[in-house]
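Visitor: Here it is, the structure, as structure tokens.
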């Protein structure tokens with residue numbers, strides 16, 4: 014049931030494009046300059062790794078490449094919106110052009126906007142940052158357990174994802190589905206489609222992202238104000254910041270829906286029902302525009318600088334952009350690029366992606382929103398903006414690619430084991446070197462020297478290493494924050510994943526058992542990874558392989574209700590009704606509040 018969606022790039026598809034520009038600069042000279050900057054950004058999208066001499070991309074060609082129907086951008090410069098522009102269509106069926114006033118789902122960017130709401134309630138004395146959140150909750154209580162014996166969960170914990178709380182995120186609800194109350198969501202009770210939100214590690218000891226925790230904060234705000242959350246958010250933040258095209262209303266009222274985009278899958282098709290509904294408003298429920306989010310970001314910048322207090326004082330705003338633990342403040346993530354500090358947040362609702370990123374100390378930044386699950390284009394736009402506006406230390410240095418004798422590449426060809434269930438296959442095609450990681454598409458390796466190579470899509474460097482006999486026997490793989498060694502493997506050696514794909518389910522299971530025994534904490538046999546792999550295989554219509562991987566998960570994690578739920582879903586998709594019923598029943602034995610399982614069991618049993 015709980016799915017971790019991987020993004021898969023698919024075939025090129027051309028959408029109709031229409032674009033509209035709204036300049037919000039303050040004088041005509043600035044407007045003229047903004048137009049020039051806009052045009053250069055439109056033609057200047059950049060990959061994650063820069064290579065000298067490589068051409069940049071246009072927004073239009075990258076939208077076609079990623080099958081993104083609609084895109085909207087707002088750029089901040091000198092604490093003002095320098096320009097805003099939109100591209101494409103709101104809905105591939107309707108074909109209505111996106112405008113700068115078209116609403117998109119902000120996903121998790123809902124969180125920092127709502128964090129400002131919460132912090133205003135702190136300034137008003139209605140909430141406190143460091144007291145037990147249960148003291149403010151009246152309509153529901155967070156159950157205490159052994160993990161809360163020493164420390165209680167506080168509002169600061171909820172806003173910084175340090176409360177030790179479960180439930181990473183929410184898939185939302187299709188238009189025709191029954192919508193749960195917030196209390197049902199928090200208890201994982203029918204018709205909620207996610208697990209109960211509970212504390213399973215000591216609060217304040219570790220960062221772990223939890224939309225569940227954010228939802229508790231929403232309920233606390235509603236309990237103290239005794240009003241609907243959309244009204245509270247509007248009165249507290251949206252109206253004071255003139256965010257006139259923003260609302261937390263869920264479901265979206267008809268008059269707002271007319272101005273909103275529809276969500277699209279990675280293959281360019283519409284989300285079933287076009288949009289999902291999110292009762293978890295603080296976590297994922299904001300409908301907005303890049304222009305409105307830019308207004309919000311500018312207010313944070315100015316407040317931190319002591320130049321505005323439309324909502325919060327400088328001291329309280331600082332808490333939003335100052336790390337509470339690791340790189341997360343009370344609302345925003347903080348990125349350090351050299352000496353430059355940036356704050357921001359990403360967002361991902363069903364069929365929508367969004368990015369907000371601004372410099373903390375200087376008046377620039379950008380917001381990009383798309384009505385597509387393919388969010389790779391967002392960072393490409395941000396990098397194009399960063400180059401045009403000279404963002405401090407944001408872009409990496411460009412690499413110089415060298416020419417080497419293609420015959421020297423032959424000794425690099427082969428298979429190298431990255432971890433117990435991942436292999437990097439290196440091939441040579443037309444005098445070029447390519448790497449194909451397990452479960453990922455092939456990418457070209459570009460030479461920095463005779464032994465070191467990079468790839469354009471990720472900041473990873475591969476260096477081929479020789480042994481004492483002079484033979485290439487491994488690859489050193491360097492990535493931000495670390496490095497690993499991949500040893501060459503020979504003959505017909507297969508990792509468990511490859512066995513699974515070859516129909517050798519018994520051998521694959523034995524391989525996973527061996528990994529579990531030898532490296533019990535290895536990520537490759539983590540329940541979430543295997544669950545993700547199973548659903549990836551289901552989307553590829555590889556049902557026997559998906560069933561096999563879910564069965565592995567059941568054996569390795571027999572006390573998890575979710576593994577049985579996933580296996581039941583795979584059996585149901587394969588037409589194995591009795592086995593589906595058996596596994597859904599087992600899931601419900603372990604978690605009677607698995608409302609999704611209850612619904613599926615009723616469907617299977619014809620009740």
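In my numbering, the protein residues as written are 14 to 620.
Note that the Cβ used here is the ideal one computed from N, Cα and C, for glycine as well.
1. Which same chain residues, not among the five before or five after residue 529, have their C-beta less than 7 angstroms away from its C-beta?
2. By alpha-carbon positions, which one of 57, 362, 458 ends up nearest to residue 181?
3. On the three-state DSSP scale, how would you describe residue 93?
4. Which complete beta strand (DSSP E) runs does the stretch 212-280 hold, if anything under 3 residues is left out?
5. Nearest-angstrom Cα distance between residue 307 and residue 384?
6. Hey, quick one: how far does the alpha helix (DSSP H) through residue 427 stretch, first residue to last?
7. Can you name the start and end residues of the beta strand (DSSP E) that residue 492 belongs to?
8. Could you tell me which of 275, 217, 420, 120 sits nearest to residue 105, measuring between CA atoms?
9. Specify, as a first and last residue, the run of the alpha helix (DSSP H) that residue 359 falls within.
10. Taking the alpha-carbon positions, what's the residue 348 to residue 207 distance?
11. Return the CA-CA distance between residue 189 and residue 263, expressed in angstroms with no decimal places.
12. Please state whether the Cβ-Cβ distance between residue 566 and residue 62 is less than 8 angstroms.
13. Mind listing, in chain order, the continuous alpha helix (DSSP H) runs of no fewer than 4 residues lying wholly within the stretch 74-150?
14. What residue does the beta strand (DSSP E) around residue 466 start on, and which one ends it?
15. Going by DSSP in three states, residue 455 sits in which element: helix, strand or coil?
16. For residue 186, name the three-state secondary structure that DSSP assigns.
17. Compare the beta carbon distance of residue 508 and residue 499 with 8 angstroms and say whether it is the shorter of the two.
18. I'd like the span of the beta strand (DSSP E) that includes residue 369, first residue to last.
19. What is the rounded straight-line gap between the Cα of residue 281 and the Cα of residue 81?
20. Which whole-angstrom value describes the C-beta separation of residue 376 and residue 148, a residue pair presumed to lie in contact below a C-beta threshold of 8 angstroms?
21. Expressed to the nearest angstrom, what Euclidean distance is found between the alpha-carbon atoms of residue 414 and residue 533?
22. Express the C-alpha separation of residue 249 and residue 127 in angstroms, rounding to a whole number.
23. Tell me whether residue 417 sits in a helix, a strand or coil according to DSSP, three-state version.
24. Quickly, what does DSSP pair residue 576 with across the bridge? List them, please.
25. Do you know whose CA, among 257, 225, 251, 261, lies nearest residue 241's CA?
26. If the criterion is Cβ atoms closer than 8 angstroms, does the pair residue 333 and residue 342 meet it?
27. Please report how far the alpha carbon of residue 600 lies from the alpha carbon of residue 202, in whole angstroms.
28. Output needed for residue 480: all residues of its chain with C-beta closer than 7 angstroms, excluding positions within five of it in sequence on either side, in chain order.
29. Expressed to the nearest angstrom, what Euclidean distance is found between the alpha-carbon atoms of residue 388 and residue 293?
30. Under the three-state reduction of DSSP, which class applies to residue 475: helix, strand or coil?
31. Would residue 51 and residue 69 be called neighbours here (beta carbons separated by less than 8 angstroms)?
32. Hey, residue 461 and residue 412 are a contact pair by Cβ (cut 8 angstroms); roughly how many whole angstroms apart?
33. Anyone know if the C-beta pair for residue 100 and residue 88 falls short of 8 angstroms?
34. What do you reckon, are the CB atoms on residue 560 and residue 593 nearer than 8 angstroms?
35. Please report whether the beta-carbon of residue 199 lies at a distance below 8 angstroms from any beta-carbon of chain D.
36. Taking only the alpha-carbon atoms, compute the straight-line gap between residue 229 and residue 120 and give it to the nearest angstrom.
Guide: Concretely, from the data shown:
1. 538, 569
2. 362
3. strand
4. none
5. 18 angstroms
6. Run containing residue 427: none in the alpha helix (DSSP H); it sits in the beta strand (DSSP E), 427-432.
7. 485-492
8. 275
9. First-last for residue 359: 353-362, but that is the beta strand (DSSP E), not the alpha helix (DSSP H).
10. 30 angstroms
11. 14 angstroms
12. no
13. 123-136
14. 465-467
15. coil
16. strand
17. no
18. 365-372
19. 7 angstroms
20. The Cβ separation is near 39 angstroms, so there is no contact.
21. 41 angstroms
22. 9 angstroms
23. coil
24. Beta-bridge pairing links residue 576 to no other residue.
25. 261
26. yes
27. 14 angstroms
28. 486
29. 22 angstroms
30. strand
31. no
32. 6 angstroms
33. no
34. no
35. You won't find chain D in this structure, because it holds only one protein chain.
36. 17 angstroms
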